[in-house]
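One point on numbering: in the UniProt record's numbering, the residue at position 67 of the sequence shown is 67, and numbering is uninterrupted. Note that beta-carbon positions come from the ideal geometry of N, C-alpha and C, so glycine has one too. First comes the structure, then the notes that go with it.
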Amino acid sequence: MTSQMRILIRDEKNDVEAFVVVDSLVAGRAMGGTRMTTDVTVDEVAGLASAMTRKLALAGVPIGGAKAGIRCGLPPGPHRDKVLTTFGRQITPLLRGGLYLGSDQGITHDDRDLFFSAAGFDPRRQLPWLPCSWGELWQRCREVTGLGVCEAVDTAADQLLGPEAVRSIVIQGFGVVGRAVASGLAARGYPIVAVADRLGTISATGGLPVSALLDATDSTGTIDRRRLPTGLELTDTPDAWLDVPADVLVLAAGSGAVNETNVDRVIPHLLVEAGNLTCTPAAEKLLIQRGAHTLPGPVVNVGAAAVTGMLLTNSVGTYTDPDSLVAALFETVATIIRGNTAEVITQAHGTDRPLSVVADSLAAQRVHARATAAEPLSV
(Lines of atoms letter the chains of each structure in order from A and count residues from 1; the text may use other names and numbers.)
(Lines give C-alpha, C1' and ligand atoms only; values in the text may rest on other atoms or scores of the structure.)
Protein backbone atom coordinates (compact mmCIF):
# COMPACT_ATOMS: atom_id res chain seq x y z
CA MET A 1 0.00 0.00 0.00
CA THR A 2 1.17 3.57 -0.69
CA SER A 3 -0.79 5.19 2.15
CA GLN A 4 -1.76 4.47 5.72
CA MET A 5 -4.47 5.62 8.06
CA ARG A 6 -2.89 6.83 11.31
CA ILE A 7 -5.03 7.60 14.34
CA LEU A 8 -3.70 9.35 17.46
CA ILE A 9 -5.60 8.72 20.70
CA ARG A 10 -5.08 11.15 23.59
CA ASP A 11 -7.04 11.15 26.82
CA GLU A 12 -5.35 13.62 29.16
CA LYS A 13 -7.82 12.99 31.96
CA ASN A 14 -6.82 9.34 32.18
CA ASP A 15 -3.22 9.91 30.99
CA VAL A 16 -3.57 7.75 27.88
CA GLU A 17 -1.60 8.16 24.67
CA ALA A 18 -2.00 5.57 21.95
CA PHE A 19 -1.74 5.07 18.20
CA VAL A 20 -3.64 2.96 15.71
CA VAL A 21 -2.29 2.47 12.18
CA VAL A 22 -4.20 0.74 9.38
CA ASP A 23 -1.78 -0.17 6.61
CA SER A 24 -4.19 -1.99 4.27
CA LEU A 25 -7.79 -3.09 3.95
CA VAL A 26 -9.18 -6.21 2.34
CA ALA A 27 -12.96 -6.29 1.98
CA GLY A 28 -13.11 -3.44 4.49
CA ARG A 29 -11.24 -5.32 7.20
CA ALA A 30 -7.83 -5.22 8.87
CA MET A 31 -6.19 -6.74 11.93
CA GLY A 32 -3.04 -6.61 14.04
CA GLY A 33 -1.70 -6.67 17.57
CA THR A 34 -1.54 -4.03 20.28
CA ARG A 35 1.87 -3.16 21.74
CA MET A 36 2.27 -1.52 25.16
CA THR A 37 5.68 -0.06 26.02
CA THR A 38 6.95 3.16 27.56
CA ASP A 39 8.49 4.43 24.34
CA VAL A 40 6.40 3.06 21.48
CA THR A 41 6.07 5.56 18.62
CA VAL A 42 3.64 6.00 15.77
CA ASP A 43 6.43 5.26 13.28
CA GLU A 44 7.19 1.99 15.08
CA VAL A 45 3.51 1.06 14.96
CA ALA A 46 3.36 2.01 11.28
CA GLY A 47 6.28 -0.30 10.53
CA LEU A 48 4.61 -3.12 12.41
CA ALA A 49 1.34 -2.53 10.54
CA SER A 50 3.19 -2.73 7.23
CA ALA A 51 4.84 -5.96 8.37
CA MET A 52 1.40 -7.30 9.26
CA THR A 53 0.17 -6.64 5.73
CA ARG A 54 3.09 -8.66 4.37
CA LYS A 55 2.67 -11.39 6.98
CA LEU A 56 -1.01 -11.92 6.21
CA ALA A 57 -0.44 -11.80 2.45
CA LEU A 58 2.29 -14.43 2.73
CA ALA A 59 -0.04 -16.60 4.79
CA GLY A 60 -2.78 -16.24 2.20
CA VAL A 61 -5.24 -14.79 4.72
CA PRO A 62 -7.72 -12.35 3.10
CA ILE A 63 -7.54 -9.47 5.57
CA GLY A 64 -5.49 -6.26 5.74
CA GLY A 65 -2.72 -5.30 8.16
CA ALA A 66 -2.92 -2.94 11.12
CA LYS A 67 -1.29 -2.35 14.51
CA ALA A 68 -1.81 -0.35 17.70
CA GLY A 69 0.53 1.01 20.34
CA ILE A 70 -0.09 2.28 23.86
CA ARG A 71 2.55 4.36 25.65
CA CYS A 72 2.55 2.95 29.15
CA GLY A 73 5.01 1.36 31.54
CA LEU A 74 2.72 0.87 34.52
CA PRO A 75 2.92 -2.41 36.46
CA PRO A 76 -0.17 -4.64 36.67
CA GLY A 77 -2.83 -3.05 38.84
CA PRO A 78 -5.79 -0.64 38.85
CA HIS A 79 -3.98 2.23 37.13
CA ARG A 80 -2.81 0.06 34.26
CA ASP A 81 -6.28 -1.48 33.95
CA LYS A 82 -7.72 2.02 33.68
CA VAL A 83 -5.39 2.77 30.77
CA LEU A 84 -6.57 -0.39 29.01
CA THR A 85 -10.27 0.27 29.57
CA THR A 86 -9.87 3.87 28.39
CA PHE A 87 -8.10 2.61 25.27
CA GLY A 88 -10.92 0.12 24.71
CA ARG A 89 -13.59 2.81 24.90
CA GLN A 90 -11.67 5.02 22.47
CA ILE A 91 -11.28 2.31 19.83
CA THR A 92 -14.89 1.08 20.04
CA PRO A 93 -15.90 2.49 16.61
CA LEU A 94 -12.83 0.91 15.01
CA LEU A 95 -13.49 -2.54 16.46
CA ARG A 96 -17.12 -2.41 15.41
CA GLY A 97 -16.18 -1.11 11.96
CA GLY A 98 -14.01 -4.01 10.83
CA LEU A 99 -10.71 -3.56 12.68
CA TYR A 100 -9.46 -6.29 15.02
CA LEU A 101 -6.73 -5.43 17.55
CA GLY A 102 -5.25 -8.30 19.54
CA SER A 103 -2.15 -8.89 21.67
CA ASP A 104 1.46 -7.96 21.07
CA GLN A 105 4.48 -7.05 23.22
CA GLY A 106 3.34 -5.90 26.66
CA ILE A 107 -0.29 -6.99 26.13
CA THR A 108 -1.55 -10.34 27.40
CA HIS A 109 -4.73 -12.11 26.36
CA ASP A 110 -6.28 -10.95 29.64
CA ASP A 111 -5.34 -7.35 28.77
CA ARG A 112 -6.93 -7.77 25.36
CA ASP A 113 -10.09 -9.16 26.93
CA LEU A 114 -10.17 -6.13 29.24
CA PHE A 115 -10.17 -3.55 26.46
CA PHE A 116 -12.57 -5.71 24.41
CA SER A 117 -14.96 -5.66 27.36
CA ALA A 118 -14.64 -1.88 27.72
CA ALA A 119 -15.54 -1.57 24.03
CA GLY A 120 -18.44 -4.01 24.30
CA PHE A 121 -16.74 -6.07 21.61
CA ASP A 122 -16.94 -9.86 21.40
CA PRO A 123 -15.47 -11.48 18.24
CA ARG A 124 -17.61 -14.55 18.86
CA ARG A 125 -20.72 -12.63 17.82
CA GLN A 126 -19.34 -12.78 14.28
CA LEU A 127 -18.56 -16.49 14.68
CA PRO A 128 -21.63 -18.14 16.21
CA TRP A 129 -20.37 -21.60 15.17
CA LEU A 130 -17.30 -21.46 17.43
CA PRO A 131 -17.44 -24.47 19.80
CA CYS A 132 -15.97 -22.43 22.68
CA SER A 133 -15.51 -18.85 23.80
CA TRP A 134 -12.92 -16.60 22.14
CA GLY A 135 -10.94 -16.53 25.38
CA GLU A 136 -10.91 -20.32 25.73
CA LEU A 137 -9.87 -20.72 22.11
CA TRP A 138 -6.86 -18.49 22.68
CA GLN A 139 -5.86 -20.33 25.81
CA ARG A 140 -5.74 -23.43 23.64
CA CYS A 141 -3.90 -21.61 20.84
CA ARG A 142 -1.48 -19.61 22.98
CA GLU A 143 1.52 -21.60 21.70
CA VAL A 144 0.62 -21.50 18.00
CA THR A 145 3.17 -18.80 17.15
CA GLY A 146 5.88 -20.78 18.92
CA LEU A 147 4.85 -23.87 16.98
CA GLY A 148 5.25 -21.94 13.75
CA VAL A 149 8.72 -20.78 14.77
CA CYS A 150 9.70 -24.41 15.38
CA GLU A 151 8.50 -25.35 11.89
CA ALA A 152 10.51 -22.48 10.41
CA VAL A 153 13.66 -23.48 12.31
CA ASP A 154 13.25 -27.10 11.21
CA THR A 155 12.80 -26.20 7.56
CA ALA A 156 15.54 -23.57 7.46
CA ALA A 157 18.05 -25.74 9.33
CA ASP A 158 17.58 -28.51 6.78
CA GLN A 159 18.31 -26.11 3.93
CA LEU A 160 20.87 -23.70 5.39
CA LEU A 161 22.92 -25.53 8.03
CA GLY A 162 25.53 -28.07 7.08
CA PRO A 163 25.41 -31.71 8.18
CA GLU A 164 28.09 -31.01 10.78
CA ALA A 165 25.88 -28.53 12.64
CA VAL A 166 24.68 -29.62 16.10
CA ARG A 167 21.68 -27.31 15.60
CA SER A 168 22.17 -25.74 19.01
CA ILE A 169 19.74 -22.94 19.86
CA VAL A 170 19.94 -19.61 21.71
CA ILE A 171 16.57 -18.03 22.50
CA GLN A 172 16.48 -14.29 23.22
CA GLY A 173 13.22 -13.67 25.07
CA PHE A 174 11.33 -16.15 27.23
CA GLY A 175 7.76 -14.95 26.98
CA VAL A 176 4.92 -17.06 25.62
CA VAL A 177 6.60 -17.47 22.23
CA GLY A 178 10.10 -18.04 23.57
CA ARG A 179 8.89 -20.70 25.99
CA ALA A 180 6.89 -22.48 23.29
CA VAL A 181 9.95 -22.46 21.03
CA ALA A 182 12.15 -23.87 23.80
CA SER A 183 9.79 -26.73 24.62
CA GLY A 184 8.96 -27.42 20.96
CA LEU A 185 12.54 -27.52 19.70
CA ALA A 186 13.77 -29.47 22.73
CA ALA A 187 11.10 -32.09 22.00
CA ARG A 188 12.48 -32.31 18.44
CA GLY A 189 16.00 -32.96 19.72
CA TYR A 190 17.51 -29.49 19.42
CA PRO A 191 19.86 -28.59 22.32
CA ILE A 192 18.78 -25.28 23.86
CA VAL A 193 22.12 -23.88 25.02
CA ALA A 194 20.95 -20.46 26.26
CA VAL A 195 17.84 -18.45 27.01
CA ALA A 196 17.61 -14.78 27.91
CA ASP A 197 14.96 -13.02 29.96
CA ARG A 198 14.82 -9.52 31.46
CA LEU A 199 17.26 -10.52 34.22
CA GLY A 200 20.02 -11.84 31.96
CA THR A 201 21.13 -15.04 30.25
CA ILE A 202 21.13 -18.65 31.43
CA SER A 203 23.34 -21.04 29.48
CA ALA A 204 24.82 -24.53 29.43
CA THR A 205 27.16 -25.79 26.73
CA GLY A 206 25.60 -29.25 26.65
CA GLY A 207 22.02 -27.97 26.68
CA LEU A 208 19.69 -26.54 29.31
CA PRO A 209 17.12 -28.56 31.26
CA VAL A 210 14.14 -26.99 29.50
CA SER A 211 11.49 -28.52 31.76
CA ALA A 212 13.22 -27.09 34.84
CA LEU A 213 13.42 -23.68 33.17
CA LEU A 214 9.73 -23.71 32.34
CA ASP A 215 8.82 -24.75 35.89
CA ALA A 216 10.82 -21.79 37.24
CA THR A 217 9.29 -19.20 34.89
CA ASP A 218 6.40 -16.90 35.80
CA SER A 219 3.68 -15.63 33.47
CA THR A 220 5.76 -12.60 32.44
CA GLY A 221 8.61 -14.79 31.18
CA THR A 222 10.95 -14.12 34.11
CA ILE A 223 12.93 -17.11 35.37
CA ASP A 224 13.40 -17.53 39.13
CA ARG A 225 17.11 -18.28 39.42
CA ARG A 226 16.64 -19.70 42.93
CA ARG A 227 14.60 -22.59 41.53
CA LEU A 228 17.12 -23.68 38.91
CA PRO A 229 19.37 -26.74 39.24
CA THR A 230 23.07 -26.20 39.88
CA GLY A 231 25.67 -26.23 37.13
CA LEU A 232 24.13 -23.59 34.88
CA GLU A 233 25.93 -20.40 33.90
CA LEU A 234 24.03 -17.29 35.00
CA THR A 235 24.89 -13.88 33.58
CA ASP A 236 23.10 -10.61 34.37
CA THR A 237 24.63 -8.67 31.47
CA PRO A 238 21.62 -7.63 29.33
CA ASP A 239 23.03 -8.80 25.99
CA ALA A 240 25.15 -11.78 27.08
CA TRP A 241 23.05 -14.01 24.80
CA LEU A 242 25.01 -12.55 21.89
CA ASP A 243 28.20 -14.22 23.10
CA VAL A 244 26.91 -17.79 23.42
CA PRO A 245 28.18 -20.10 20.63
CA ALA A 246 25.28 -21.72 18.76
CA ASP A 247 24.03 -22.61 15.30
CA VAL A 248 20.67 -20.82 15.53
CA LEU A 249 19.63 -17.60 17.27
CA VAL A 250 15.89 -17.20 17.84
CA LEU A 251 14.96 -13.55 18.44
CA ALA A 252 11.75 -13.53 20.47
CA ALA A 253 11.78 -10.15 22.22
CA GLY A 254 12.13 -6.52 21.23
CA SER A 255 12.48 -4.66 17.95
CA GLY A 256 16.04 -4.10 16.78
CA ALA A 257 17.55 -6.63 19.17
CA VAL A 258 20.26 -7.27 16.57
CA ASN A 259 21.45 -4.02 15.04
CA GLU A 260 24.47 -2.26 13.62
CA THR A 261 26.03 -1.77 17.06
CA ASN A 262 26.07 -5.43 18.09
CA VAL A 263 25.86 -7.44 14.87
CA ASP A 264 29.60 -8.10 14.95
CA ARG A 265 29.03 -10.22 18.08
CA VAL A 266 26.46 -12.53 16.48
CA ILE A 267 27.85 -16.08 16.29
CA PRO A 268 25.09 -18.28 14.72
CA HIS A 269 24.78 -18.69 10.96
CA LEU A 270 20.97 -18.71 11.15
CA LEU A 271 18.87 -16.03 12.85
CA VAL A 272 15.11 -16.52 13.16
CA GLU A 273 12.79 -13.60 13.88
CA ALA A 274 10.24 -14.99 16.33
CA GLY A 275 9.37 -11.38 17.20
CA ASN A 276 8.56 -8.38 15.03
CA LEU A 277 11.40 -6.43 13.36
CA THR A 278 13.95 -7.95 15.74
CA CYS A 279 16.87 -7.62 13.31
CA THR A 280 17.43 -4.29 11.56
CA PRO A 281 17.83 -4.23 7.76
CA ALA A 282 21.35 -2.82 8.07
CA ALA A 283 22.36 -5.62 10.42
CA GLU A 284 20.87 -8.22 8.09
CA LYS A 285 22.98 -6.92 5.21
CA LEU A 286 26.12 -7.19 7.33
CA LEU A 287 25.17 -10.73 8.32
CA ILE A 288 24.71 -11.69 4.66
CA GLN A 289 28.28 -10.57 3.98
CA ARG A 290 29.42 -13.06 6.62
CA GLY A 291 27.35 -15.88 5.16
CA ALA A 292 24.69 -15.74 7.88
CA HIS A 293 20.97 -15.73 7.08
CA THR A 294 18.06 -14.04 8.84
CA LEU A 295 14.65 -15.64 8.41
CA PRO A 296 12.21 -12.70 8.64
CA GLY A 297 9.26 -12.27 10.97
CA PRO A 298 6.56 -12.11 8.27
CA VAL A 299 7.52 -15.68 7.34
CA VAL A 300 8.19 -17.00 10.85
CA ASN A 301 5.99 -15.50 13.54
CA VAL A 302 2.69 -15.66 11.71
CA GLY A 303 0.94 -18.28 13.86
CA ALA A 304 -1.36 -16.14 15.99
CA ALA A 305 -2.05 -13.70 13.15
CA ALA A 306 -2.91 -16.50 10.73
CA VAL A 307 -5.26 -18.17 13.21
CA THR A 308 -7.03 -14.89 14.00
CA GLY A 309 -7.32 -13.96 10.34
CA MET A 310 -8.58 -17.38 9.29
CA LEU A 311 -11.28 -17.24 11.96
CA LEU A 312 -12.33 -13.64 11.32
CA THR A 313 -12.63 -14.27 7.57
CA ASN A 314 -14.28 -17.68 7.94
CA SER A 315 -11.36 -19.26 6.10
CA VAL A 316 -11.42 -22.37 8.25
CA GLY A 317 -14.04 -25.09 8.25
CA THR A 318 -16.80 -25.36 10.84
CA TYR A 319 -15.98 -27.59 13.81
CA THR A 320 -18.25 -28.78 16.59
CA ASP A 321 -15.58 -29.42 19.22
CA PRO A 322 -12.61 -27.27 20.31
CA ASP A 323 -10.00 -30.04 20.06
CA SER A 324 -10.68 -30.66 16.36
CA LEU A 325 -10.71 -26.94 15.59
CA VAL A 326 -7.40 -26.28 17.37
CA ALA A 327 -5.75 -29.30 15.73
CA ALA A 328 -6.84 -28.08 12.29
CA LEU A 329 -5.60 -24.54 12.99
CA PHE A 330 -2.21 -25.76 14.20
CA GLU A 331 -1.73 -28.03 11.19
CA THR A 332 -2.71 -25.25 8.78
CA VAL A 333 -0.22 -22.86 10.39
CA ALA A 334 2.54 -25.49 10.24
CA THR A 335 1.85 -26.11 6.55
CA ILE A 336 1.85 -22.39 5.70
CA ILE A 337 5.13 -21.70 7.50
CA ARG A 338 6.95 -24.74 6.14
CA GLY A 339 5.92 -23.80 2.61
CA ASN A 340 6.82 -20.11 2.88
CA THR A 341 10.15 -20.82 4.58
CA ALA A 342 11.18 -23.27 1.88
CA GLU A 343 10.03 -20.96 -0.93
CA VAL A 344 11.85 -17.89 0.40
CA ILE A 345 15.10 -19.81 0.91
CA THR A 346 14.83 -21.42 -2.54
CA GLN A 347 14.23 -18.06 -4.26
CA ALA A 348 17.20 -16.50 -2.45
CA HIS A 349 19.56 -19.37 -3.26
CA GLY A 350 22.45 -18.34 -5.47
CA THR A 351 21.80 -14.61 -4.98
CA ASP A 352 23.02 -12.05 -2.45
CA ARG A 353 19.49 -10.96 -1.59
CA PRO A 354 18.57 -11.02 2.11
CA LEU A 355 15.73 -13.40 2.94
CA SER A 356 13.64 -10.43 4.11
CA VAL A 357 13.90 -8.82 0.67
CA VAL A 358 12.84 -12.06 -1.00
CA ALA A 359 9.93 -12.40 1.46
CA ASP A 360 8.84 -8.80 0.80
CA SER A 361 8.88 -9.44 -2.94
CA LEU A 362 6.83 -12.60 -2.52
CA ALA A 363 4.37 -10.77 -0.26
CA ALA A 364 4.03 -7.95 -2.83
CA GLN A 365 3.23 -10.51 -5.50
CA ARG A 366 0.51 -11.99 -3.31
CA VAL A 367 -0.89 -8.58 -2.39
CA HIS A 368 -1.07 -7.76 -6.09
CA ALA A 369 -2.75 -11.07 -6.83
CA ARG A 370 -5.57 -10.25 -4.44
CA ALA A 371 -5.76 -6.59 -5.53
CA THR A 372 -9.27 -7.01 -6.91
CA ALA A 373 -10.48 -7.64 -3.36
CA ALA A 374 -8.46 -4.83 -1.77
CA GLU A 375 -9.70 -1.32 -1.15
CA PRO A 376 -7.41 1.75 -1.37
CA LEU A 377 -7.17 3.87 1.75
CA SER A 378 -8.22 7.50 1.57
CA VAL A 379 -6.07 9.54 3.91
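Per DSSP, which residues does E273 bridge with? Please list them. Position 273 of the sequence shown, counted from the start, is the residue given in the question as residue 273. DSSP output for E273 lists L251 as bridge partner(s).
Boundaries of the beta strand (DSSP E) in which K67 is found, first to last residue: The residue labelled residue 67 in the question sits at position 67 within the sequence shown. It spans G64 to R71 - the beta strand (DSSP E) in which K67 sits, taken as one unbroken run.
Given this structure, state the Cα-to-Cα distance separating F174 from C279, to the nearest angstrom. Position 174 of the sequence shown, counting from 1, holds the residue named residue 174. Position 279 of the sequence shown, counting from 1, holds the residue named residue 279. One C-alpha to the other measures close to 17 Å.
Examine the Cβ distances between the segment 288–303 and the segment 332–347 and report whether three or more of them are shorter than 8 Å. Touching, yes, given that three or more Cβ pairs across the two stretches are closer than 8 Å.
Identify every residue that forms a DSSP beta bridge with V16. One-based indexing of the sequence shown puts residue 16 at position 16. Paired residues: D11.
Between L286 and P296, what straight-line distance do the alpha-carbon atoms span, to the nearest angstrom? Working through the sequence shown from its first residue, we reach residue 286 at position 286. Working through the sequence shown from its first residue, we reach residue 296 at position 296. Whole-angstrom Cα-Cα distance: 15 Å.
Under 9 Å between C-beta atoms of A49 and I337: Against the sequence shown, residue 49 aligns to sequence position 49. Against the sequence shown, residue 337 aligns to sequence position 337. No, the Cβ-Cβ distance between A49 and I337 is not below 9 Å.
Inter-residue Cα distance where the pair is G135 and A246: Against the sequence shown, residue 135 aligns to sequence position 135. Against the sequence shown, residue 246 aligns to sequence position 246. Rounded to whole angstroms, G135 to A246 spans 37 Å at the Cα level.
Could you please give the first and the last residue of the uninterrupted beta strand (DSSP E) stretch that includes L99? Looking up residue 99 in the sequence shown gives position 99. From DSSP, the beta strand (DSSP E) with L99 extends over L99 to S103.
Over the uninterrupted alpha helix (DSSP H) stretch that includes D197, give me the two end residues. Translated into positions along the sequence shown, residue 197 becomes position 197. Not the alpha helix (DSSP H): D197 falls in the beta strand (DSSP E), residues I192 to D197.
Taking the continuous alpha helix (DSSP H) assigned at Q172, which residues delimit it? As a first step, residue 172 is located in the sequence shown; it is residue number 172 there, counting from the start. Counting along the chain, Q172 falls outside any alpha helix (DSSP H), though it belongs to the beta strand (DSSP E) covering I169 to Q172.
Quick one: grab the DSSP three-state call for S315. One-based indexing of the sequence shown puts residue 315 at position 315. Correct three-state label for S315: coil.
Have a look at L214, T222, V210 and V177 and flag the residue whose alpha-carbon is nearest the alpha-carbon of D197. One-based indexing of the sequence shown puts residue 197 at position 197. Looking at the Cα atoms, T222 is the closest of the given residues.
Helix, strand or coil for residue 380 per DSSP? Since the displayed the chain opens at 1 and closes at 379, residue 380 lies outside it and no answer follows.
Under the assumption that Q105 contacts T37 (Cβ atoms under 8 Å), give the Cβ distance between them as a whole number of angstroms. As a working mapping, residue 105 is identified with position 105 in the sequence shown. As a working mapping, residue 37 is identified with position 37 in the sequence shown. That belief holds up - the Cβ atoms of Q105 and T37 are roughly 6 Å apart, short of 8 Å.
By DSSP's criteria, E136 is part of a beta bridge. Which residues make up the other side? Position 136 of the sequence shown holds residue 136. Bridge partners of E136: none, in fact.
On the premise that A194 lies in contact with V244, defined as a C-beta separation below 8 Å, what is that separation, rounded to the nearest angstrom? As a first step, residue 244 must be located in the sequence shown, where it is residue number 244. As a first step, residue 194 must be located in the sequence shown, where it is residue number 194. Yes, they are in contact, since the Cβ atoms of V244 and A194 sit about 4 Å apart, within 8 Å.
Buried or exposed (CB count within 10 angstroms, at least 16 for buried), T205: In the sequence shown, counting from the first residue as 1, residue 205 sits at position 205. Exposed: under 16 other Cβ atoms inside 10 Å.
Give me the residue from R10, E164, L56 and T108 with the minimum Cα distance to L25. Working through the sequence shown from its first residue, we reach residue 25 at position 25. That would be L56, whose Cα lies nearest to the Cα of L25.
Just the Cα atoms here: how many angstroms apart are G162 and A363? Reading the sequence shown from its first residue, position 162 is the one you call residue 162. Reading the sequence shown from its first residue, position 363 is the one you call residue 363. Going by the C-alpha atoms only, they are around 28 Å apart.
Helix or strand or just coil, what does DSSP make of L295? The sequence position of residue 295 within the sequence shown is 295, counting from 1. Secondary structure at L295: strand, using DSSP grouped into helix, strand and coil.
Under the three-state DSSP convention, the category R54 falls into: Here the question's residue 54 lines up with position 54 in the sequence shown. If DSSP states are grouped into helix, strand and coil, R54 belongs with the helices.
Just curious, the alpha helix (DSSP H) that L130 is in, first and last residue? On the sequence shown, position 130 is the one that residue 130 refers to. Segment: none, L130 is in no alpha helix (DSSP H) and carries neither H nor E.
Report buried or exposed for V379, applying the criterion of at least 16 other Cβ atoms within 10 angstroms of its Cβ. To locate residue 379, count along the sequence shown from 1; it is residue 379. Here the model assigns V379 a pLDDT of 40, short of 50, so the residue's position is not dependable, and the following value carries that caveat. So V379 counts as exposed.
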